[in-house]
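Residue numbers (this note's numbering): 96 to 282.
Structural data, given as structure tokens:
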């Protein structure tokens, strides 16, 4: 944990009702239980939908400002694949209403504030070329999320040659994340 603690690593069930906002509320309850005297400033790392959950927690004031925020392959502006497959019963079964929040045209993403860019790092996967791992997706991509959706204006960014699912376990991802968290010049 590179000297950071406590490290809280929580999974969530995306298929439960209520979308990303409901998942964020369940995480908020866990945070309040973990920190009964108030949630302290936290540094956050969220993979994929986890980055959207951390944005919702920040926007709702559950987590106070001042921390650093790292997103790993988060579809900040939606995922083309979710837009294409969102109506499929298999997609709805696997991702539930939270999957609908990943569609590029959804109201949830359009109204969700971005975290402070000076305190944010977007790590995303891709090939570094005009065509990504999934030829059916536009531009560079990690096979699931397009690079252009995984980075937001003003935030630091770093591309890792990786598929979406592998982003959290790639050594380069961990090295860049720890460097960002430990460097006082970041944020």
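Backbone N, C-alpha and C fix where the C-beta goes; we use that ideal spot for every residue, glycine too.
- Counting along the chain, the unbroken alpha helix (DSSP H) around residue 277 starts and ends at 266-277.
- By the neighbour-count criterion, in which a residue is buried when 16 or more other Cβ atoms sit within 10 angstroms of its Cβ, residue 275 is buried.
- DSSP, read as helix, strand or coil, puts residue 185 in helix.
- Counted as a single uninterrupted DSSP element, the beta strand (DSSP E) harbouring residue 251 occupies residues 251-255.
- Comparing C-alpha distances from residue 216 to each of 270, 246, 154 shows the shortest one belongs to 246.
- Residue 177 sits close to residue 197, with the two beta carbons spaced by under 8 Å.
- Counting along the chain, residue 139 sits inside the beta strand (DSSP E) bounded by residues 139-142.
- Two segments are said to touch when three or more pairs of C-beta atoms, one from each, lie closer than 8 Å; by this definition the segment 190-205 touches the segment 114-123.
- When the Cα atoms are used, residue 152 and residue 160 turn out to be separated by approximately 10 Å.
- Taking 8 Å as the cut-off, the Cβ atoms of residue 227 and residue 259 do not count as close.
- Residue 262 sits in a helix when the DSSP states are folded into three classes.
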